[in-house]
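**Student:** Submitted below is the structure of interest, expressed as structure tokens.
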Amino acid sequence: MKLEHIDLYQIRMPLVSPFGTSFGMTTDRDAIIVKITAEGLTGWGECVASWEPGYSYETTQTAWHILRDFLVPEVLGKDLQEPADVQHWLRGVRGHPLAKAAIDQAAWDLTAQRDGLSVAQKLAQPYPEGPKERVKVGISIGTQPSVAATLDVIAENLAKGYGRIKLKIKPGHDIELARAARAAFPDTLIMLDANSAYRLEDAPLFRAMDDLNLLMIEQPLGHDDIYDHSQLRPLIQSPLCLDESITSADHARYAIALQACDIINVKPSRVSGWTEARQIHDLARAAGLGLWVGGMLETGIGRAAQLALAALPGFTLPSDISATERYYHQDIATRFTLNAADSTITVPTGPGLGIEVDEGALTAVTLHHQTIRYSPIYTNP
Ligand code: OSB
Ligand code: MG
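Start counting the sequence shown at 9; every next residue gets the next number (the numbering used here).
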């Protein structure tokens, strides 16, 4: 399929409630939506880089630059056969996984539509069991003004049917919060996410959480560290999960070799896309690690693609994919609801991502839009 033109939309969408982490507070979600037009079909992708370089070094502005000046010119005019072509075409651009993943996602959407498959079906082709129909999900609760306020938010979300609670922690807001949550909700699946806020010297703090029966502790140490996590892991009882440190299938391999984690949170955007995410799924599954799909407060476009990935057989732990109403009053694509009876979300089955993008709603949240057409002046010498 010849990739004819690509539209980039820089968007900003107000969140239903501010989302606090160890690196800051987000009130509006910035993103870049990528729309690829190819032989009568439309493929959608979402770049989840934030306004500020907190979770990742990439920002909306660096991603715009990398997409407009390098990635889009590299793929425009090319003949897309399979999504892995994108991984191959973009290999000369070092880093910038969040920007690359947006193109990769659109390529999965386009090729699945061409094949008459959902992205979930296309991703699951190598596995005899096929994609799951519903995936287990949980909710990620940002930092709150107090422990009491956090307990209220947990109770609210348990009442909605979420079967797994993730709490964001940071120095000074950790053990007391974890103890209070466990005391108030003795049987709930509770996990903590530190977003790289601690050092190996803080091992005693995590050891003090050994008796809290936590589902896991996510990314306690450096964002680019695998080694210190391998040192922390034997010192604590709680399963250790890596998020930020796993930026590629190679990094997953290093983490497995160093026995640095029990579980991997696979965010397709963090690892340059769905092809690489599936490779990590395969490596981690073969090594007996736990797996789930992470989130970046995606719009309905990104959420549909997260669900397709989470439908692979190795993703057995609850994923950070919540209902649309948890993030946005108004979304730019099909809304997703929680199946409260079993804390799942149903995977779309329509062709490609299986969603309708509301282009009027997209225009309403767009700050900046550019259409890039194939032109020889954009091609690399
Ligand atoms: O670390 O998992 C994270 C959101 C933004 C940046 C980093 C993270 C998160 C979340 C939210 O935890 C997960 C979701 O999309 O619901
Ligand atoms: Mg995380």
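Glycine included, every Cβ here is placed at the ideal spot set by N, Cα and C.
The structure displayed is predicted, hence computed values, not measured ones.
May I ask you to report which of helix, strand or coil DSSP gives His181?
**Tutor:** Here residue 181 refers to the residue found at position 173 when the sequence shown is read from its first residue. His181 falls in the strand class under three-state DSSP.
**Student:** What separation, rounded to the nearest whole angstrom, lies between the Cα atoms of Asp87 and Gly28?
**Tutor:** In the sequence shown, residue 87 corresponds to position 79, counting from 1. In the sequence shown, residue 28 corresponds to position 20, counting from 1. Between Asp87 and Gly28, the C-alpha separation is close to 42 Å.
**Student:** With DSSP run on the structure shown, which of helix, strand or coil describes Asp15?
**Tutor:** On the sequence shown, position 7 is the one that residue 15 refers to. Strand at Asp15.
**Student:** Do the CB positions of Ser204 and Leu222 come within less than 7 Å of each other?
**Tutor:** Counting from one through the sequence shown, the residue named residue 204 turns up at place 196. Counting from one through the sequence shown, the residue named residue 222 turns up at place 214. Against a cut-off of 7 Å, the Cβ pair of Leu222 and Ser204 comes out as no contact.
**Student:** In the DSSP assignment, what are the bridge partners of Ser67?
**Tutor:** Taking the first residue of the sequence shown as 1, we reach residue 67 at position 59. Looking at the sequence provided, one finds Thr at residue 67 rather than Ser. DSSP output for Thr67 lists Ser58 as bridge partner(s).
**Student:** At the level of alpha carbons, what is the spacing between Lys240 and Tyr206?
**Tutor:** For this step, residue 240 is matched to residue 232 along the sequence shown. For this step, residue 206 is matched to residue 198 along the sequence shown. Contrary to the premise, residue 240 reads as Leu rather than Lys in this sequence. So the two alpha carbons sit approximately 11 Å from each other.
**Student:** Taking the alpha-carbon positions, what's the Asp8 to Gly230 distance?
**Tutor:** Not covered by the structure: residue 8. The range shown for the chain is 9 to 389.
**Student:** Measure the Cβ-Cβ separation of Tyr355 and Ala319 and say whether it is below 7 Å.
**Tutor:** Within the sequence shown, the letter at position 347 stands for residue 355. Within the sequence shown, the letter at position 311 stands for residue 319. Per the sequence presented here, residue 355 reads as Val, with Tyr not at that position. Against a cut-off of 7 Å, the Cβ pair of Ala319 and Val355 comes out as a contact.
**Student:** Verify whether the separation of the beta carbon atoms of Trp72 and Val83 is less than 7 Å.
**Tutor:** Numbered from its first residue, the sequence shown carries residue 72 at position 64. Numbered from its first residue, the sequence shown carries residue 83 at position 75. In this structure, Val83 does not lie closer than 7 Å to Trp72 by Cβ.
**Student:** Quick test of your reading: Tyr17 and Thr345, contact by CB under 8 Å. State the CB separation rounded to the nearest angstrom.
**Tutor:** Counting from one through the sequence shown, the residue named residue 17 turns up at place 9. Counting from one through the sequence shown, the residue named residue 345 turns up at place 337. Going by Cβ atoms, the distance from Tyr17 to Thr345 rounds to 25 Å, so no, they are not a contact pair.
**Student:** Consult DSSP for Tyr262 and reduce its assignment to one of helix, strand or coil.
**Tutor:** Here the question's residue 262 lines up with position 254 in the sequence shown. Looking at Tyr262 - three-state DSSP - the assignment turns out to be helix.
**Student:** Let's see if you can read the secondary structure: which residues bound the alpha helix (DSSP H) around Ser238?
**Tutor:** Stepping through the sequence shown from its first residue, residue 238 is reached at position 230. Taken as a continuous stretch (DSSP letters only), the alpha helix (DSSP H) holding Ser238 covers 235–240.
**Student:** Cβ of Cys269 within 7 Å of Cβ of Ala260?
**Tutor:** Here residue 269 refers to the residue found at position 261 of the sequence shown. Here residue 260 refers to the residue found at position 252 of the sequence shown. Cβ atoms of Cys269 and Ala260: not closer than 7 Å.
**Student:** Can you give me the Cβ contacts of Leu370 inside the same chain, cut-off strictly under 8 Å, excluding the 5 residues immediately before and after it?
**Tutor:** Taking the first residue of the sequence shown as 1, we reach residue 370 at position 362. Cβ within range, chain order: Tyr17, Ile19, Ile41, Ile340.
**Student:** When every heavy atom of the ligand OSB is checked, does at least one fall within less than 6 Å of the C-beta of Met390?
**Tutor:** Because the chain spans 9 through 389 in this model, residue 390 falls outside it and cannot be assessed.
**Student:** Looking at the secondary structure, which residues open and close the beta strand (DSSP E) in which Lys144 lies?
**Tutor:** As a working note, residue 144 is residue 136 in the sequence shown. Per DSSP, Lys144 belongs to the beta strand (DSSP E) from 142–144.
**Student:** Given that a residue counts as buried once 16 or more other Cβ atoms are within 10 Å of its Cβ, and exposed if not, what is Lys144?
**Tutor:** Your numbering for residue 144 matches position 136 in the sequence shown. With 16 or more other Cβ atoms within 10 Å, it is buried.
**Student:** Start and end of the beta strand (DSSP E) containing Gly298?
**Tutor:** For this step, residue 298 is matched to residue 290 along the sequence shown. Here the beta strand (DSSP E) through Gly298 covers 298–301.
**Student:** Could you tell me the distance, in whole angstroms, from the CA atom of Asn347 to the CA atom of Ser330?
**Tutor:** As a working note, residue 347 is residue 339 in the sequence shown. As a working note, residue 330 is residue 322 in the sequence shown. Taking the straight line joining both Cα atoms gives about 10 Å.
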